[in-house]
Amino acid sequence: MTPAAFLAVAALLTMGAVSPGPAVLMSARTGVSEGMRTGFFLALGIGLGAVFWAALALSGLAALFRVAPGVLWAFKIAGGLYLIWMAVGMWRHAAEPLPDTAGQPPRSALSAFRLGLVTQLSNPKPAVVLSAIFIGTVPPETPAWVLVSLLTFLFTVETLWNTFVARIFSLPATRRAYVGAKSLMDRSFGTLLALLGAKIAVT
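Put into structure tokens, the structure is as follows:
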């Protein structure tokens, strides 16, 4: 793979990372409600989840989905239902006051990481998108170190972008606006997440 080809793949991976979806939505919500630190560990989990889907894509996941479409269907149904379940939780707790994050954040680093990982794994769309990117741009004879470099880049860009989103939404001005309209904001986040879950499950 030439340097130009590598950069082209990297650009496509970056575009996929910054596109709106459940991971970005969860980063925004976590940043505004639980702060930057929690958002960072959430972003690490999202990054690892992206690497998982990319590794499966490189190993021929697209071919599996073509041969056994029921596997993709099962992934989509399970993932969509999980996102809807999280959305219901947001609605149920929307009226509760915002946790005090002046000291230790309410969610542990491991819990935030796990939430990010599961959020990313619940959406099989990245596997399909990554498969299309890799099939069209990564030759079969690509050396292993180049593939590792691509996976490392994907992890980095996913983590940095979602950390950035969490940071923006953790700023005092954003947080003050959120506190003033927490019930409405949580229900809005929940509705968007439920719509994304339903879209994943039925398309």
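Under the working numbering, the first residue of the sequence shown carries the number 15, and numbering increases by one thereafter. For glycine and all other residues, C-beta sits at the position ideal for the given N, C-alpha and C. These figures come from a predicted structure and were not determined experimentally.
With 16 or more other Cβ atoms inside 10 Å of its own Cβ, A208 counts as buried.
In this structure, the beta-carbon distance from R181 to M50 falls below 8 Å. Only residues of its own chain outside the window of five on either side were considered, and among them L39 have a CB closer than 7 Å to the CB of L206, listed in chain order. The continuous alpha helix (DSSP H) containing P17 extends over residues P17 to V32. Between the C-alpha atoms of T166 and W67 there is a straight-line separation of about 13 Å.
Using a 10 angstroms sphere on the CB of W175, the tally of other CB atoms reaches 16 or more, which defines it as buried. Measuring C-alpha to C-alpha distances from V162 to each of R121, I98 and S73 identifies S73 as the nearest.
Rounded to the nearest whole angstrom, the C-alpha separation of T173 and S47 is 19 Å. Per the coordinates, the alpha-carbon of P83 lies some 22 Å from the alpha-carbon of G63. In this structure, the CA atom of G35 is about 7 Å from the CA atom of L210. Spanning the alpha carbons of L26 and T151 requires a straight line of approximately 10 Å.
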